[in-house]
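Using the numbering used here, the first residue of the sequence shown is number 73, and each one after it goes up by one. These notes concern the structure reproduced below.
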Amino acid sequence: MIFTCGENLENAYYMAQDALYNMLPEYKELPNPTLNYMNIKTHDNEFIALVELDVKEHERKIKNK
């Protein structure tokens, strides 16, 4: 599970992609997805977002920053 935040929703989504991207090298195999994500408890002002990551596109974004 990854926790992240951002200045706004667009930035938070980018930060979630970046957190996922930086976590990938730790895995020899990707973990199974959490299929029952609706059962994850959140607090006020928190929510769960499914994050799509195109590794090559993300690397292009990093190079352009």
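Even for Gly, the Cβ is constructed at its ideal location relative to N, Cα and C. Remember, predicted model here, so these are calculated numbers, not experimental data.
How far does the alpha helix (DSSP H) with residue i in it extend, from its first residue to its last?
i, result
"D90", "L81 to M95"
"E101", "No alpha helix (DSSP H) contains E101, which DSSP labels as neither H nor E."
"K133", "V127 to K135"
For residue i, which of helix, strand or coil comes out of DSSP?
i, result
"N111", "helix"
Can you tell which of the options has its C-alpha closest to the C-alpha of residue i?
i, options, result
"E118", "M110, T106 and E131", "M110"
"A88", "K100, C77 and N136", "C77"
"M95", "Y86, I74 and E82", "I74"
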